[in-house]
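Have a look at the structure below before the remarks.
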Amino acid sequence: MESWTAIVKPTFGLYYVYMPRIKRDLQRFVNQWNHDGLRTARYMSPYQMFVRGCLRLQSQTLTGVQGVFGADDQPAEEAARPAGPYFNWPERVDVPANQLALEPGRLQELQQRVNPLAGSRDRMGVDLLE
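When the sequence shown is numbered by my numbering, its final residue is 131 and no position is left out of the sequence of numbers.
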């Protein structure tokens, strides 16, 4: 039982501090995305602007632009070898659900003492977890 509480208590702290921050930052991103200045770019999406720029620069010998169009500067034997070590990492991380429920009095005390949205943005909430 002790190992369970050793995991659950820090997990609750992470949920309490970071979930409001993540939700706030996602809302800011959505607001910024929905009100971006792309109307001045002839109503093109960022992807359309990227494609248009690449097509405009395709005749130049810029490495980045040629890479977009599949220009192959490597000999076949070099291209067949992997560029570096291959790591088979999972593409997602499963975070356990928060199963710790505080008593209403303790939760209210925690909310009065710790504002999860407060603190320096540079520290990213780490100061609240210390």
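The beta-carbon is built from N, C-alpha and C at its ideal position, and this holds for glycine as well.
Note that the structure is a prediction, hence the values are computed from the model and not measured.
Residue range of the unbroken alpha helix (DSSP H) whose run includes residue i
i, result
"PRO47", "47 to 58"
"VAL96", "Premise fails: VAL96 is in no alpha helix (DSSP H) and is neither H nor E."
"ARG114", "105 to 114"
"GLN67", "64 to 69"
"ASP128", "127 to 130"
Exposure of residue i, with buried meaning 16 or more beta-carbon neighbours within 10 Å
i, result
"LEU129", "buried"
"MET125", "exposed"
"MET2", "With a pLDDT of 40 at MET2, under the threshold of 50, the predicted position of this residue should be treated as unreliable, though the coordinate-derived value follows. Burial call: exposed."
"TRP5", "Residue confidence for TRP5 is low, a pLDDT of 47 falling below 50, so the modelled location carries little weight; the figure read from the coordinates is stated next. With fewer than 16 Cβ atoms within 10 Å of its Cβ, TRP5 is classed as exposed."
"TYR17", "buried"
Residue i vs residue j beta-carbon contact at 7 Å
i, j, result
"PRO11", "PRO117", "no"
"VAL1", "LEU56", "Coverage of the chain is limited to positions 2 through 131, which leaves residue 1 absent and any answer about it impossible."
"PHE13", "LEU111", "no"
Residue i beta carbon near the ligand ZN (any heavy atom closer than 6 Å)
i, result
"ALA119", "Questions concerning the ligand ZN fall outside what the structure shown contains, since it holds no ligand whatsoever."
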